[in-house]
Amino acid sequence: MRFFAPQWRVAAIVVLIAASLASAPRRPYSTHEKAFFANDQTVQFVRPGLVIKVNSAQITADGTISTIYTLTDPAGLPLDSTGLTTPGIINLSFVAAVLPNDQGQYTSYTTRSQSGKVLASTQQAAADSGGTTTQVGAGQYQYTFHTRAPSGIDRTATHTIGIYGSRNLTIFNLGTNFASTTFNFVPNGAPVTRTRDVIKTASCNGCHDQLSAHGGSRRGMDLCVLCHTPQTSDANTGATLDAKVFFHKLHMGENLPSVKAGTPYIPVINQFGTFDFSDVAYPADPGDPRRCETCHSQTTGAAHATAYLTNPSRAACGACHDDVNFSTGANHPGGPQLDDTQCATCHIPQGEIDFDASIKGAHVPPTASSLLSGLVVNITKVANGTAGSLPVVSFNVQDGAGKPAPLSALGTLSFTMAGPTSDYGYTNFGVTTPGYVTESALGATCDANSNCTYKFSHAVPAGSTGTYAIGVEARRTEVILAGDPKQQSITYGAKNQVAYFSVDGSPLAPRRGVVALGNCNSCHVSLSLHGGLRNNTEYCVMCHNPSNTDAARRTSAADKAVPPQGINFNLLVHRIHYGINMQASKRTYVVVGFGGTHNDFSGTLFPAMSPTGAATDTRNCSLCHVNTSEQNLPLGLNQVTDPQGPINPIQPIASACTGCHVDIPTASHALTNTSTLGEACTVCHSSGAEFAVDKVHAQY
Numbered sequence: 001m002r003f004f005a006p007q008w009r010v011a012a013i014v015v016l017i018a019a020s021l022a023s024a025p026r027r028p029y030s031t032h033e034k035a036f037f038a039n040d041q042t043v044q045f046v047r048p049g050l051v052i053k054v055n056s057a058q059i060t061a062d063g064t065i066s067t068i069y070t071l072t073d074p075a076g077l078p079l080d081s082t083g084l085t086t087p088g089i090i091n092l093s094f095v096a097a098v099l100p101n102d103q104g105q106y107t108s109y110t111t112r113s114q115s116g117k118v119l120a121s122t123q124q125a126a127a128d129s130g131g132t133t134t135q136v137g138a139g140q141y142q143y144t145f146h147t148r149a150p151s152g153i154d155r156t157a158t159h160t161i162g163i164y165g166s167r168n169l170t171i172f173n174l175g176t177n178f179a180s181t182t183f184n185f186v187p188n189g190a191p192v193t194r195t196r197d198v199i200k201t202a203s204c205n206g207c208h209d210q211l212s213a214h215g216g217s218r219r220g221m222d223l224c225v226l227c228h229t230p231q232t233s234d235a236n237t238g239a240t241l242d243a244k245v246f247f248h249k250l251h252m253g254e255n256l257p258s259v260k261a262g263t264p265y266i267p268v269i270n271q272f273g274t275f276d277f278s279d280v281a282y283p284a285d286p287g288d289p290r291r292c293e294t295c296h297s298q299t300t301g302a303a304h305a306t307a308y309l310t311n312p313s314r315a316a317c318g319a320c321h322d323d324v325n326f327s328t329g330a331n332h333p334g335g336p337q338l339d340d341t342q343c344a345t346c347h348i349p350q351g352e353i354d355f356d357a358s359i360k361g362a363h364v365p366p367t368a369s370s371l372l373s374g375l376v377v378n379i380t381k382v383a384n385g386t387a388g389s390l391p392v393v394s395f396n397v398q399d400g401a402g403k404p405a406p407l408s409a410l411g412t413l414s415f416t417m418a419g420p421t422s423d424y425g426y427t428n429f430g431v432t433t434p435g436y437v438t439e440s441a442l443g444a445t446c447d448a449n450s451n452c453t454y455k456f457s458h459a460v461p462a463g464s465t466g467t468y469a470i471g472v473e474a475r476r477t478e479v480i481l482a483g484d485p486k487q488q489s490i491t492y493g494a495k496n497q498v499a500y501f502s503v504d505g506s507p508l509a510p511r512r513g514v515v516a517l518g519n520c521n522s523c524h525v526s527l528s529l530h531g532g533l534r535n536n537t538e539y540c541v542m543c544h545n546p547s548n549t550d551a552a553r554r555t556s557a558a559d560k561a562v563p564p565q566g567i568n569f570n571l572l573v574h575r576i577h578y579g580i581n582m583q584a585s586k587r588t589y590v591v592v593g594f595g596g597t598h599n600d601f602s603g604t605l606f607p608a609m610s611p612t613g614a615a616t617d618t619r620n621c622s623l624c625h626v627n628t629s630e631q632n633l634p635l636g637l638n639q640v641t642d643p644q645g646p647i648n649p650i651q652p653i654a655s656a657c658t659g660c661h662v663d664i665p666t667a668s669h670a671l672t673n674t675s676t677l678g679e680a681c682t683v684c685h686s687s688g689a690e691f692a693v694d695k696v697h698a699q700y
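So for the sequence shown, the numbering used here puts the first residue at 1; every next one is plus one.
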């Protein structure tokens with residue numbers, strides 16, 4: 001019996017011999033891709049990745065839709081979709097849609113029929129089925145749709161072809177490569193002048209890392225809006241999957257009035273399961289979904305980024321405000337609205353004052369109101385900051401316009417001291433809080449311009465060396481729109497500033513930079529915790545240090561009966577973002593906070609998506625980390641107190657890694673590789689090692 005291998009297998013010997021003689025290839029891959037770490041021979045032979053480019057499209061007089069497209073690797077070399085002359089079979093799907101000249105959303109020509117429990121029959125926008133593919137050149141193909149455009153189509157309107165697909169390279173341990181693209185054209189040959197460009201994918205990727213869905217092959221808003229149109233509803237729930245409704249509701253999640261009233265938001269039920277988005281917590285400010293500009297960003301270059309300001313509609317607005325009945329006028333101060341023609345009359349883009357009926361005014365988060373005076377506390381000097389001495393902090397207090405603000409206007413003003421900056425924790429300041437001391441400075445001495453000094457009552461511990469830090473937190477409460485029906489009291493905080501000082505005359509050495517606040521705010525917009533007091537990661541780490549736990553907040557008998565929870569920053573942040581992924585290991589992460597509140601992060605949904613479209617993918621460490629700090633092992637010097645963990649205390653590298661890798665086998669692995677000499681993690685996991693952090697976290 002004779003066996004015939006695909007042509008690329010036969011050619012492999014020649015390619016591999018040539019590879020051994022050639023120099024290393026230019027790698028068009030990032031360190032987040034598995035292909036980056038593949039050996040040169042594999043990369044030269046397989047050429048991982050998939051790029052789809054549409055060259056042209058047309059609709060003939062009889063309605064036949066066709067498109068010519070090219071398949072290449074990331075370097076631009078052609079790929080064979082059959083997997084015969086280049087590795088990996090490529091599977092593609094095709095969508096054709098029209099953007100009518102008198103409408104702002106697509107209507108898809110390619111549809112499918114679905115029947116279900118609520119809708120006996122419905123047509124959904126979907127990919128074409130039954131078309132034909134013809135190769136026209138190296139890596140170039142023509143696809144002719146089975147679906148035909150209806151007779152009498154507007155040949156002056158913008159039409160769009162969407163292609164999405166996958167390339168299976170699992171045999172080479174390079175996973176499945178996904179790609180998608182869209183192409184706009186006008187059937188009569190005129191240039192394209194109208195597009196739907198409301199939200200750029202870049203806005204989505206601020207949180208989602210890589211917007212992908214339906215198994216990973218559908219990527220980018222340009223493709224999403226071809227199927228998520230008003231014509232698409234789920235037959236089993238009756239819910240519309242129209243983008244302007246569906247996407248708003250997804251992001252509102254637990255804040256939807258209907259969800260708060262007890263009705264879960266389940267838009268889809270199909271063979272893959274029941275999709276319940278009732279637990280989604282919008283991460284901005286925190287949990288405040290009123291920041292429309294987070295998605296409708298004008299900085300990304302979206303042509304219609306301001307469309308939400310100029311074209312309000314019942315469907316879009318009612319998606320979030322789903323307790324409003326526009327037919328009866330219930331919960332709508334403007335009364336019944338039977339169409340959208342009057343919406344913009346009251347809901348203008350921006351009014352004269354925050355919290356009015358204008359679109360921007362109605363969506364102002366209270367702490368971001370322009371009516372607030374603002375609060376800034378600047379540390380100008382730290383004196384007497386030597387070992388054994390009581391530091392004296394010079395500072396000033398101002399409003400947002402830079403004018404002096406009296407201490408009497410503040411509800412809280414405190415300074416926190418911690419050190420050394422080589423790694424916080426375990427320093428004894430003579431207080432019960434491990435590793436730091438916080439003192440109220442409302443009694444500071446100030447002049448008429450709010451230039452103040454405060455002398456600590458706790459000294460820098462005798463014998464201290466290196467650099468120490470003092471950070472400030474302050475908060476005020478203001479009543480705005482007094483006497484108006486929209487009067488409200490708003491509490492907000494000043495930005496935490498941290499100042500460093502040497503306690504022994506040695507050069508200043510600020511605490512290492514591991515994460516960037518800007519990275520946090522790409523998703524959180526304005527990170528603010530503990531009642532608005534803490535908003536700077538440089539300050540957070542002073543209290544969330546290796547020696548600290550929530551023991552001080554466990555005052556009830558029930559809470560005292562359970563071991564304290566470690567709250568070191570790397571443990572805390574990793575566990576919070578890992579969230580729901582802990583369920584597979586049957587672990588939880590519950591921190592007892594002020595007033596005995598229980599903060600359970602075991603169900604947190606991390607918004608970053610994997611290449612397969614699954615959410616809560618935490619492998620891209622660079623979303624938070626800066627300067628490749630996740631690879632700079634060790635990550636700290638001090639062991640971490642973790643009474644609820646399987647290892648207590650746990651060494652710094654193991655603590656950081658088991659923040660996400662919460663299973664017992666990983667803990668056992670860490671313990672086995674730790675001796676009286678320290679951790680052996682760097683042998684295998686440091687940069688360039690066989691199991692380096694970036695290598696094992698590569699996704700694609």
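Note that CB positions come from ideal geometry on N, CA and C, so glycine has one too.
Backbone CA spacing between residue i and residue j [nearest angstrom]
i: residue 134; j: residue 143; result: 7 Å
i: residue 126; j: residue 237; result: 18 Å
i: residue 336; j: residue 318; result: 13 Å
i: residue 343; j: residue 314; result: 8 Å
i: residue 539; j: residue 123; result: 54 Å
i: residue 681; j: residue 597; result: 36 Å
i: residue 583; j: residue 333; result: 44 Å
i: residue 31; j: residue 175; result: 15 Å
i: residue 316; j: residue 324; result: 12 Å
i: residue 388; j: residue 429; result: 10 Å
i: residue 7; j: residue 74; result: Note that residue 7 scores 48 on pLDDT, short of 50, meaning its location in the model is unreliable and no value can be drawn from it.
i: residue 440; j: residue 453; result: 12 Å
i: residue 34; j: residue 283; result: 29 Å
i: residue 687; j: residue 288; result: 39 Å
i: residue 155; j: residue 692; result: 55 Å
Contact belief for residue i with residue j at Cβ below 8 Å, rounded distance in angstroms
i: residue 519; j: residue 624; result: 5 Å
i: residue 321; j: residue 199; result: So it is not a contact: roughly 20 Å between Cβ atoms.
i: residue 472; j: residue 497; result: 5 Å
i: residue 626; j: residue 516; result: 5 Å
i: residue 399; j: residue 373; result: 4 Å
i: residue 411; j: residue 475; result: 5 Å
Where residue i falls: helix, strand or coil (DSSP)
i: residue 12; result: With a pLDDT of 44 at residue 12, under the threshold of 50, the modelled position of that residue is not reliable, and the figure given next carries that caveat. Note: residue 12 maps to helix in three-state DSSP.
i: residue 709; result: Given a span of 1 to 700 for the chain in the structure shown, any question on residue 709 remains unanswerable.
i: residue 344; result: helix
i: residue 118; result: coil
i: residue 770; result: Examination of residue 770 is not possible in this model, given that the chain is present from 1 through 700 alone.
i: residue 146; result: strand
i: residue 609; result: coil
i: residue 429; result: coil
i: residue 491; result: strand
i: residue 360; result: helix
i: residue 223; result: helix
i: residue 600; result: strand
i: residue 266; result: coil
Proximity winner among the options, relative to residue i (alpha-carbon distances)
i: residue 362; options: 372, 346, 375; result: 346
i: residue 458; options: 512, 610, 385, 486; result: 385
i: residue 661; options: 579, 416, 454; result: 579
i: residue 499; options: 435, 394, 271, 474; result: 394
i: residue 491; options: 409, 512, 276, 397; result: 409
i: residue 523; options: 208, 434, 350, 379; result: 208
i: residue 418; options: 434, 307, 442; result: 434
i: residue 70; options: 181, 228, 252, 159; result: 181
i: residue 432; options: 512, 369, 357, 552; result: 552
i: residue 150; options: 330, 353, 97; result: 97
i: residue 45; options: 504, 27, 65, 100; result: 27
i: residue 678; options: 636, 38, 646, 521; result: 636
Closer than 7 Å: residue i CB and nearest the ligand NAD heavy atom
i: residue 518; result: You won't find the ligand NAD in this model; it holds no ligand whatsoever.
Does the stretch 83-90 come close enough to the stretch 217-231 that 3 or more CB-CB pairs lie under 8 Å? Not touching, per the Cβ criterion.
Are at least three pairs of beta-carbons, each pair with one atom in the stretch 347-354 and one in the stretch 304-314, less than 8 Å apart? Yes: at least three Cβ pairs fall under 8 Å.
Looking at C-beta atoms only, is the number of pairs between the stretch 225-240 and the stretch 628-646 that lie closer than 8 Å three or more? Segments in contact, no.
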